[in-house]
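Numbering (the numbering used here), first residue to last: 569 to 1106.
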Amino acid sequence: MEVTVDHQVLADVAGNRSLGPDREQSGETTYYLAASTALAILIVLFPFFRGSSKSPSLPWVNQAGTFDVFRMKAKYRFLMGARDMVLKGFQDYQDSPGFRMVADGGEIVMLAPKYAAELKNDHRVDFDFHEGIPGFDFTQQGARDAKILREVTKSQLTHHLSKITDSLSSECVASMQRIFTDNEGNFRLETRNVAKRRELTISEEYHDVELRQSLLDIISRISSKAFLGGDPLYQNEEWLKITTTYAGTVNRAAVMLRLWPRPLRPLAHWFLPSCREARTQVRLARRLFEPMVERRRRAKEQDPDVRFDDTVEWAEKAAKGMKYDASAVQLLFSMAAMHTTTDLLTQVILDLAAHPETIEPLRKEIEAVLAEEGGWTKAALHKMKLMDSVLKECQRMKPAAISGLRGILNADVTLSDGLFLPKNTSIAVSSHLHWDSNTYENPEKWDGWRFYNLRQKPGKDHSSQLVSTSPEHMGFGIGTHACPGRFFGAHEVKVALSHFLMRYDWKLTEGVVPQTRTFMWSLVADPKAKISIRRRFA
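Structure follows, in structure tokens:
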């Protein structure tokens, strides 16, 4: 989940967007007030923040200097250059099980990918949340009973994919018509009648769009429809704005909080503008969401047989009477679904622009499968094996993060080779096998057919699918720590990519050379890349 929200932080930074409405002005005084208030406490407690003598005997990468008292310089180096640090660390210490490094939250043990299989289902690895801090309401719910969220995603949302596919498709078409406009800013209209098309004078010329933001708007509308069903809230512009921006807001706050030693974060958050913004958004989300809950309550009172079939109702059933925050659950759904899906969709469209020879085979596959299945179904999407391969290759070349598994140990752990990791150690497992020549042939080369061809080999069909995870491909994490919503995410991105392929021609805008951006753990598709797009009528 942290990976998900880091994407929007980087998108904001790279896009030169404001990191908060009052970041520079009103927040400055209070921030430094908090800093000065805490300084004396920090000086007293400093020895306790420098790490435990029980830390494993591993080499160091990005070690804090003697005078880097609170590791601020080391943390900043990590924020801006984590990927290169990790790759260089494993290059320099190839025979080591890993190394220690200062990351955004302090000291962490970066482990080699081989440990992913050993730790993937280990219950002693916990997520690192800012529990109990207002504005981080999603973490409180997740920490108290993550079973609600996982159960809704795995046993309900995933199993309802066949029921919502056609609805997702319809919403995707409507959203693309709304957001991808012609050169004159008019909404494009769906029609295959050439004469009528001429009459409507829809421009057939290429026009430029900022890809990531356009796709985020589309994915937010599709996801909202999937999560809230037919309730009017799913189209509410205020709600959509919150669901698309809250992830970035809360992770900007998390970035700032991680610069503070953990014991002082419950104090520091009151003075940070980004945390204040997160609290404001949570209040607004509740104001918008609670009337819907009340409408449903009244409807059930009037008609005991009334039924709702969406994530709101599924969460209520999964709670089994336990008190929980329904609006916080919905914020978590939006955080988990929108930004990673948008990032993958952005990357694949940019990659296909660089490899246009793959576009026509994809279109032919879509046409053939839809004709065979009779329309948009779960089975149809499953049969789009080339598309699945293209998406997995994009994720291999640019995974969401440089680590496929991160957390804090809630107990002492001794690994199979004897490496001892004490309780409260922060760990991460590297994803660098994605680019390893011993794992993949020509790993530096983008090959959309790579996993399609692998699926033809005996025993490779399952492991070569987009939603499958392994130490060699941790695009969605791994084991019990893997993203539980990856089946929905894969489903959603295939629907959106299919419509994009069939409805539009595109190319990179002249002069645009997309660059993957690195920020902390995240690797993000170029958030400012523009494409030139036009409606196709084939």
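Ideal Cβ placement from N, Cα and C applies to all residues, glycine included. The structure displayed is predicted, hence computed values, not measured ones.
Measure the C-alpha to C-alpha separation of residue i and residue j and round it to an integer number of angstroms.
i, j, result
"R956", "R866", "Rather than Arg, the amino acid found at residue 956 in this sequence is Asp. Approximately 44 Å, taken between the alpha carbons."
"N1006", "S625", "28 Å"
"E935", "L954", "13 Å"
"Y644", "G797", "43 Å"
"V1092", "H1049", "21 Å"
"G649", "V670", "12 Å"
"K682", "A836", "38 Å"
"R863", "Q870", "11 Å"
"A923", "Y774", "Looking at the sequence provided, one finds His at residue 923 rather than Ala. So the alpha carbons of these two residues sit roughly 19 Å apart."
"D985", "V777", "52 Å"
"S792", "E884", "18 Å"
"L912", "P841", "30 Å"
"H1041", "M906", "21 Å"
"L687", "C962", "26 Å"
"K946", "V916", "21 Å"
"D672", "P829", "11 Å"
With a 10 Å radius around its C-beta and 16 neighbouring C-beta atoms as the bar for buried, classify residue i as buried or exposed.
i, result
"D877", "exposed"
"T811", "buried"
"P589", "Its pLDDT being 40, under 50, P589 is placed unreliably in this model, and the coordinates cannot settle the point."
"Q662", "exposed"
"Q709", "Because the pLDDT of Q709 is 48, which lies under 50, any placement of that residue in the model is unreliable, and the number read from its coordinates should be weighed accordingly. Its Cβ being crowded by 16 or more others within 10 Å, Q709 is buried."
"K966", "buried"
"D1015", "buried"
"S743", "buried"
"R964", "buried"
"N819", "buried"
"E845", "buried"
"E933", "buried"
"Q1024", "exposed"
"D919", "buried"
"R875", "exposed"
Return helix, strand or coil for residue i, following the three-state DSSP convention.
i, result
"K1075", "strand"
"S730", "helix"
"S902", "helix"
"W1108", "The structure shown has nothing for residue 1108, since the chain only spans 569 to 1106."
"A969", "strand"
"M744", "helix"
"G1045", "strand"
"K1124", "Here the chain has residues from 569 to 1106 only, and residue 1124 is not among them."
"S1090", "strand"
"D694", "strand"
"G1053", "coil"
"W882", "helix"
"F988", "strand"
"W1014", "coil"
"G1027", "coil"
"L977", "strand"
"R964", "helix"
"L1065", "helix"
Are the CB atoms of residue j and residue i within a distance shorter than 8 Å?
i, j, result
"I732", "I786", "no"
"M653", "N630", "yes"
"R1104", "R1071", "yes"
"D1094", "P1082", "yes"
"Q849", "Y802", "no"
"I970", "N992", "no"
"L959", "V997", "no"
"Q994", "I716", "Reading off the sequence, residue 994 comes out as Ser, not Gln. No, these two residues do not count as a Cβ contact at 8 Å."
"P1052", "T634", "no"
"L779", "A1097", "yes"
"S782", "L808", "no"
"I790", "A1064", "yes"
"P665", "L679", "yes"
"K1062", "M952", "yes"
"T726", "F1019", "no"
Mind checking which residues open and close the alpha helix (DSSP H) that includes residue i?
i, result
"H923", "Element bounds for H923: n/a, residue is neither H nor E."
"D776", "It is not in any alpha helix (DSSP H) - D776 instead sits in the beta strand (DSSP E) that spans H775 to E778."
"F1019", "R1018 to L1022"
"V861", "P841 to Q870"
"D660", "M640 to D660"
"K722", "It is not in any alpha helix (DSSP H) - K722 carries neither H nor E in the DSSP assignment."
"P834", "R833 to A836"
"L1034", "Premise fails: L1034 is in no alpha helix (DSSP H) and is neither H nor E."
"R820", "E805 to R826"
"E686", "A684 to L687"
What are the boundary residues of the beta strand (DSSP E) that includes residue i?
i, result
"S998", "S994 to S998"
"R668", "G666 to A671"
"S1100", "K1098 to R1103"
"V677", "G674 to L679"
Tell me whether residue i, by its Cβ, gets closer than 7 Å to a heavy atom of the ligand NAD.
i, result
"P800", "Absence of the ligand NAD from the depicted structure is noted, as is the absence of any ligand whatsoever, leaving it without description."
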